[in-house]
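**Q** This is the structure I want to talk about, given as structure tokens.
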Amino acid sequence: MPTPRTTPVAALPLAALLLAAATGCSSSSGGGTSSGTIQVTTSDDACQISTGTVPAGQVELRIKNTGSKVTEVYVYAPGDRIVTERENIGPGTSATLTAEIKPGSYEIACKPGMTGNGIRQQLTVTGGSGSAAAAAADPRLDAAVAGYRQYVQAQADATIPVVEQFAAAVKAGDVAQAKALFAPSRVGWERTEPVAESFGDIDPKTDTREDGVEAGQQWTGWHRLEKSLWVNGTISDEDRTLADQLVTDLKDWQTRVGTAEITATSMANGAKELLDEVATGKVTGEEDRYSHTDLSDFAANVEGAKEAYDLLKPVVAEKDPQLVQSLDAEFAQIQALLAKYKQPDGSYTPYDQVTEAERKTFSDSVNALAEPLSRLAAAVAPASPTP
């Protein structure tokens, strides 16, 4: 999950050039770039984009990592609301990111090492003939977005009672009960995490791991309580306060989730982001490092990704039937693999009991699904109208 971010300042193109000179970001008018395409070249200390202005509608970022560190690229709206992102771009590799973007001022951020606020570049998205509003509408995509809105709201609504039970157990000093409720309290969040992350401020308060805490930030949320339960084995007065805060922060998420900007391409990108979450946190065992409940989060991420895909599938089946065939097969494979580790009570085998060979099997399955899933956004992006 992303680290805390500062609020960007909207700037005119001239200011963007001055910022580039000061920070290592630069913008150039790369030749051969279509009006809705941005070439992004990221290294260990720079973030170059081929243009700082594109028309609204379908925008494609063609990313090349020339550095020595794994990186990620974000598009931020004001307030550090995430419009789209692509994580886990390895050294010497390339990635493509497709999104529907409305007119306005944005920032592109490259994050070498996948930490911090990133090296940022200003992006202006103009209105006009390329706008999403002018693109041919597909009622099936409208239905998919509506269905996904209902899904994310239902997940948030279902999360709150379980989180309240978890917090009540913490406040009562019932370590065993709090441990039992820790993983179930996270399922709805993990299924829809890209939507929660789009707000920018909720995820750092609820889901930051210890090594993701920035200078001056108080460590709060699930993983702070996880450490108390599994490492300390006791519950302090501070933990009781943090349990109440977790409920408050997640109720904020529940209230705001209905206002999230959701499009067909953001759904598709979100599905890919959930697989990136698995690859960078769950498969490695870093996410739930004290409780070892990683497979519960893993399963929730896969379930959330599949929900988005299933809603988009009618359009994808028409545009790219081979992609549907690949995704159906890979989702079935990874869900069958997870089912082997599910216990009769609904929990999953603790991840510290999963061997290195088994973890490699999980990793291979994630990679096999991630490749076709990375093509989902392009398959559902609306076509710009012919001039």
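Note that our numbering numbers the sequence shown so that position 89 is 76, with each residue one more than the last.
The C-beta atom is built at its ideal place from N, Cα and C for all residues, glycine as well.
The structure displayed is predicted, hence computed values, not measured ones.
1. Within the continuous alpha helix (DSSP H) that includes Gly291, where are the two ends?
2. Counting only the same chain and skipping the five closest in sequence on each side, list residues whose C-beta sits under 6 Å from that of Asn288.
3. Looking at C-beta atoms only, is the number of pairs between the segment 341 to 351 and the segment 307 to 314 that lie closer than 8 Å three or more?
4. Where Ser15 and Trp217 are concerned, what is the direct C-alpha to C-alpha distance, given to the nearest angstrom?
5. Specify whether the segment 188 to 199 and the segment 296 to 304 touch according to this definition: at least 3 beta carbon pairs, one from each stretch, less than 8 Å apart.
6. Quick check on DSSP: helix, strand or coil for Gly199?
7. What does a CB cutoff of less than 8 Å around Thr20 pick up in its chain, not counting 5 residues either side in sequence?
8. State the DSSP-derived secondary structure class of Ile25, mapped to helix, strand or coil.
9. Quick test of your reading: Asn104 and Gly79, contact by CB under 8 Å. State the CB separation rounded to the nearest angstrom.
10. Straight-line CA distance for Asn354 to Asp224?
11. My output table needs one value for Tyr135: the three-state DSSP class, helix, strand or coil.
12. Please report the Cβ distance between Ala82 and Ile50, rounded to the nearest whole angstrom; I am assuming they are in contact, meaning their Cβ atoms lie under 8 Å.
13. Taking DSSP as the reference, what is the three-state secondary structure of Pro99?
14. By Cβ distance, which residues of its chain are closer than 7 Å to Leu237, with the 5 residues on each side in sequence left out?
15. CA-CA distance, Pro337 and Ser278?
16. Using CA atoms only, rank isn't needed, just tell me which of Gly66, Pro99, Glu274, Ala295 is closest to Ser30.
17. So, with DSSP's three-state summary, where would you put Glu273?
18. Taking just the CA atoms, how far does Glu94 sit from Ile106?
19. Under the DSSP definition of a beta bridge, which residues are partnered with Lys51?
20. For Pro42 and Thr113, which I take to be in contact (beta-carbon distance under 8 Å), what is that distance rounded to the nearest angstrom?
21. Hey, would you say Ala258 sits closer than 7 Å to Ala286, going by beta carbons?
22. Quick check: the Cα distance between Lys329 and Thr235, rounded to an integer number of angstroms?
**A** In short, the structure shows the following:
1. Within the sequence shown, residue 291 is the residue found at index 304, counting from 1. From DSSP, the alpha helix (DSSP H) with Gly291 extends over 281 to 306.
2. Start at 1 with the first residue of the sequence shown, and residue 288 comes out as number 301. Once the five neighbours on either side are set aside, the close Cβ partners of Asn288 are Glu177, Leu261, Glu264, Val265.
3. The answer is no - the segment 307 to 314 does not touch the segment 341 to 351, with fewer than three Cβ pairs under 8 Å.
4. Position 28 of the sequence shown, counted from the start, is the residue given in the question as residue 15. Position 230 of the sequence shown, counted from the start, is the residue given in the question as residue 217. At Ser15, the pLDDT of 44 sits below 50, so the modelled position is not reliable; the number obtained from the coordinates is stated separately. Rounded to the nearest angstrom, the two C-alpha atoms are 51 Å apart.
5. With a cut-off of 8 Å, the segment 296 to 304 and the segment 188 to 199 do not count as touching, because too few Cβ pairs lie within range.
6. In the sequence shown, counting from the first residue as 1, residue 199 sits at position 212. DSSP places Gly199 in helix when its eight states are reduced to three.
7. As a first step, residue 20 is located in the sequence shown; it is residue number 33 there, counting from the start. The predicted position of Thr20 is uncertain, since its pLDDT is 45 and thus under 50; a value taken from the coordinates is nonetheless stated next. Result list for Thr20: Gln26, Ser37, Thr38, in chain order.
8. Taking the first residue of the sequence shown as 1, we reach residue 25 at position 38. Three-state DSSP puts Ile25 in a strand.
9. Residue mapping note: residue 104 aligns to position 117 of the sequence shown, counting from 1. Residue mapping note: residue 79 aligns to position 92 of the sequence shown, counting from 1. Asn104 to Gly79, Cβ: 24 Å. No contact.
10. For the purposes of this step, residue 354 is identified with residue 367 of the sequence shown, where counting begins at 1. For the purposes of this step, residue 224 is identified with residue 237 of the sequence shown, where counting begins at 1. Their backbone Cα atoms lie some 43 Å apart in a straight line.
11. Along the sequence shown, one-based indexing puts residue 135 at 148. Looking at Tyr135 - three-state DSSP - the assignment turns out to be helix.
12. Here residue 82 refers to the residue found at position 95 when the sequence shown is read from its first residue. Here residue 50 refers to the residue found at position 63 when the sequence shown is read from its first residue. So it is a contact: roughly 5 Å between Cβ atoms.
13. Start at 1 with the first residue of the sequence shown, and residue 99 comes out as number 112. Three-state result, Pro99: helix.
14. Counting from 1 along the sequence shown, the entry for residue 237 is found at position 250. Excluding sequence neighbours, Leu237 sits near Thr146, Ile147, Val150, Thr193.
15. Your numbering for residue 337 matches position 350 in the sequence shown. Your numbering for residue 278 matches position 291 in the sequence shown. Rounded to whole angstroms, the separation of the alpha carbons of Ser278 and Pro337 is 8 Å.
16. Counting from 1 along the sequence shown, the entry for residue 30 is found at position 43. With distances taken between Cα atoms, Ser30 lies closest to Pro99.
17. Taking the sequence shown and counting its residues from 1, one reaches residue 273 at position 286. It is coil, neither helix nor strand.
18. Here the question's residue 106 lines up with position 119 in the sequence shown. Here the question's residue 94 lines up with position 107 in the sequence shown. Distance between the alpha carbons of Ile106 and Glu94: 10 Å.
19. As a working note, residue 51 is residue 64 in the sequence shown. Bridge partners of Lys51: Thr28, Ser81.
20. For this step, residue 42 is matched to residue 55 along the sequence shown. For this step, residue 113 is matched to residue 126 along the sequence shown. That pair is a contact at about 5 Å.
21. Within the sequence shown, the letter at position 271 stands for residue 258. Within the sequence shown, the letter at position 299 stands for residue 286. The answer is no: Cβ separation not under 7 Å.
22. In the sequence shown, the residue the question calls residue 329 occupies position 342. In the sequence shown, the residue the question calls residue 235 occupies position 248. If you take the alpha carbons of Lys329 and Thr235, they lie about 31 Å apart.
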